[in-house]
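Numbering (this note's numbering), first residue to last: 863 to 1646. For reference, the structure is listed below as structure tokens.
So this is what it looks like as structure tokens:
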């Protein structure tokens, strides 16, 4: 049926041969009847079930990509014919018997003829048609079985078809001829054997429809075409099943190829990842690597066959296995987790790893193995540790105030028990710049430190050379050191070091010193270790630079304080003499002269008083700096003392144009130094008059708990925000001294005196809104 000339052969087998067989049966066996209903029912049942099975197989093929839309109409036609054929086997001869035989030919042919419909239209609209046709055919079958005599008879009394019944059978046959033409046309265009098979089936059904009208009930011709229909069903079913099996095999083969290709791609990606990936199973009482990516081979320097299929203990070593065995047990129990630990591998150096264990479950949910993802974070861990150490060293160096402190902190962190080095020496460049001076040493014998207490810059030793060349030296052996520093054999023999690192301490303006570190084993520092030591050396250089600035500032401050102390004492004697002379002058003047010169004498008196206050401030600064301030505590009424001070300063406030508003609670008493409290009040009130800008000054005395509070508030120019944090410093001023004068010591002395009596002075101010100074003193202070 699939030869070179398919159409004549199909016509011969499916048209001419059945026609010839019909002629022979009519010629020699005409008039014979074989009524045997059980056999007829078996034929119809077998044919109907075969049609339904074939329809199911065709519909099943829709799951594959290679599915022709016209097969949907073939399957629908088979569903319709199969249901009616099975129904026909259950109906006894009568009107329903005729119709259950006629309808499969007629309806099946009409549906099969729809194969001519355009493929796009079929793909869009024919999806649910098999189900719809099947559901519509079932009620028709039920009516044929339930109401066998309600249908129009199709046979005459002798069992021959009536003319209209013959016409309907022939019409059904012609529809199958039309469907056969579609499949033959498709076969000629595509050459597919399956189209020829469906064409032959349609031709057989067409001949059955056309020639079936010539038969009589139960005659040989009637039996022949039942047999031909059944054979057509079986032949097509056999072909469809074979095609489906081939498609299934092709799909499975494609799936296998895709799986193999996907597995290869996954393995390639897993090998390319910078992480160790493995799958571990529990087999024969031990954990075994079922899979491992290339990272394992590179880590342990093994071949794939030496890892996959081998026990975990054998690959990683006993020590590492004992550490991960409990973790593998947890994962096999169904727990997913991530951990970090240092693994002492046998085949490689110890590594700090971050690993994730993920249980792998089968279809039943049972754990069949563990997926392990392992990342080497040794470098990351070491970098983190070094960053923490560098931060700790930087913090410690920030508190080092002198070069000796810097040297001590640096060697404590880099050498000895806290550092990686076993010894160290810290050198500073002397002021003259001609030599280095050993400031601190750690872990070195005295014979070595004594011999290198001072090193000339031109000496051929590492600490001098790194200063001259402004670059570090890394010496990994004694031989290398002796080659770079001839003449140091005795010092090398006197200590136990075998490798060294020399670091220049470079400040922003040039070299400041050098740092020499020694290690007791021959050690070539890697890039990360060198970077860490260079960073440490740079921090030490910055700290050394700050310490130098601090010492210079401290020396300058000491010179200034010495000068002020000397100036205060030197000015006090002539100032005292000047005051005595002024009083004697006043007493010696006659009343008329005193009246004429009174204004000038007042000016002189105020200027002398101002000089006396400045000298007193200078002396107080010296006492406070030296810690020699002495207090004479006695019971003092703060309100009464305030009124006395305001009375003395009345002329000051009057000249400033600042009226004073006072609110004083009675009996605010405490044990304070009356003279020093007077001094604080004078400073705060004078300050308010000076900067009050002619606005009222508000003064309040009150008691709160165990403390007394004095508040002085002006409405003057206020204090800028950037000045507030340093307003209580020595020689600090909130405004230009050209406008307001003064040394900038009043607030500093006031706060220090308040603190000496256990209290505090605070300020709150906004620029242009005045300032509020608050003095708080405990009622019974501790002597400080």
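Even glycine gets a Cβ: it sits at the ideal position worked out from N, Cα and C. Note that the structure is predicted; figures quoted are calculated from it, not measured.
{"Asked": "Enumerate in chain order the residues of its own chain whose CB-to-CB distance from residue 1632 is below 6 Å, with the five nearest sequence positions on each side excluded.", "Found": "1576, 1577, 1578 and 1580"}
{"Asked": "Specify, as a first and last residue, the run of the alpha helix (DSSP H) that residue 1173 falls within.", "Found": "First-last for residue 1173: undefined, no H or E at that position."}
{"Asked": "Suppose you measure from the CA of residue 1301 to the CA of residue 1352; what does that come to, to the nearest Å?", "Found": "22 Å"}
{"Asked": "Can we say the segment 1509–1522 touches the segment 1543–1563, given the rule of at least three CB pairs closer than 8 Å?", "Found": "yes"}
{"Asked": "Quick one: Cα of residue 1320 to Cα of residue 1337, how far?", "Found": "20 Å"}
{"Asked": "Taking residue 1399 as the reference, which of 1329, 1183, 1157 and 1359 has the closest Cα?", "Found": "1329"}
{"Asked": "Could you tell me which of 1194, 1341, 1299 and 1638 sits nearest to residue 1233, measuring between CA atoms?", "Found": "1194"}
{"Asked": "Return the chain-ordered list of same chain residues with a C-beta closer than 6 Å to the C-beta of residue 1293, the five sequence neighbours on each side being excluded.", "Found": "none"}
{"Asked": "Identify whether residue 1199 lies in helix, strand or coil by the three-state DSSP scheme.", "Found": "strand"}
{"Asked": "How would you label residue 1647, buried or exposed, when you count the other beta carbons within 10 angstroms and need 16 or more for buried?", "Found": "A question about residue 1647 goes unanswered here, because the residues of the chain that appear run from 863 up to 1646."}
{"Asked": "Should residue 1286 go down as buried or exposed, given a rule of 16 or more other Cβ atoms within 10 Å for buried?", "Found": "buried"}
{"Asked": "According to DSSP, is residue 1653 part of a helix, a strand, or is it coil?", "Found": "Nothing in the structure corresponds to residue 1653, since the chain is present only between 863 and 1646."}
{"Asked": "What does the alpha-carbon distance come out to for the pair residue 1213 and residue 1157?", "Found": "14 Å"}
{"Asked": "Can you tell me the Cβ-Cβ gap for residue 1241 and residue 1390, rounded? I've got them flagged as a contact below 8 Å.", "Found": "7 Å"}
{"Asked": "Taking 8 Å as the line, does the beta carbon of residue 1043 fall inside it for any heavy atom of the ligand ADP?", "Found": "In terms of ligand content, the structure shown is empty, and the ligand ADP therefore cannot be addressed."}
{"Asked": "Specify, as a first and last residue, the run of the alpha helix (DSSP H) that residue 1035 falls within.", "Found": "1025–1052"}
{"Asked": "Does the beta-carbon of residue 978 have 16 or more other beta-carbons within 10 angstroms, so that it is buried, or is it exposed?", "Found": "exposed"}
{"Asked": "From residue 949 to residue 1227, what distance separates their C-alpha atoms?", "Found": "48 Å"}
{"Asked": "Roughly how far, in whole angstroms, is the beta-carbon of residue 1364 from the beta-carbon of residue 1310, given that I think they are within contact range, below 8 Å?", "Found": "About 15 Å; that fails the 8 Å criterion."}
{"Asked": "Below 8 Å, how does it come out for the segment 1633–1643 and the segment 1610–1624: are there three or more Cβ pairs, yes or no?", "Found": "yes"}
{"Asked": "Considering only residues of the same chain and omitting the five flanking positions on each side of residue 1155, which have a CB-CB separation below 6 Å?", "Found": "1132, 1133 and 1139"}
{"Asked": "If we require 3 or more residues per run, which beta strand (DSSP E) segments fall completely within the segment 1541–1588?", "Found": "1559–1566 and 1569–1576"}
{"Asked": "Since residue 1376 sits in a beta bridge, which residues does DSSP pair it with?", "Found": "1289 and 1366"}
{"Asked": "Report the partner residues of residue 1139 according to the DSSP bridge assignment.", "Found": "1235"}
{"Asked": "Hey, how far is the Cα of residue 1254 from the Cα of residue 1521?", "Found": "57 Å"}
{"Asked": "Less than 9 Å separating the beta-carbons of residue 1530 and residue 1505?", "Found": "no"}
{"Asked": "For a test of the three-state rule: what should DSSP assign to residue 1381, helix, strand or coil?", "Found": "strand"}
{"Asked": "If we ignore side chains and look at the alpha-carbon of each, how far apart do residue 1629 and residue 1538 end up?", "Found": "30 Å"}
{"Asked": "Considering only their Cβ atoms, is the gap separating residue 1177 from residue 1153 smaller than 9 Å?", "Found": "no"}
{"Asked": "Below 9 Å between beta carbons: does that hold for residue 1368 and residue 1414?", "Found": "no"}
{"Asked": "Where DSSP assigns a beta bridge to residue 1297, which residues make up the other side?", "Found": "1318"}
{"Asked": "Under 8 Å, with one C-beta from each stretch per pair, do the segment 987–1002 and the segment 1030–1037 reach the 3-pair mark?", "Found": "no"}
{"Asked": "On a CA-only basis, which of 908, 1005, 1291 and 1502 is nearest residue 1372? Give me that one, please.", "Found": "1291"}
{"Asked": "Assess, as a yes-or-no matter, whether the segment 1490–1499 is touched by the segment 1581–1589 under the definition of 3 or more beta carbon pairs within less than 8 Å.", "Found": "no"}
{"Asked": "Return helix, strand or coil for residue 1214, following the three-state DSSP convention.", "Found": "strand"}
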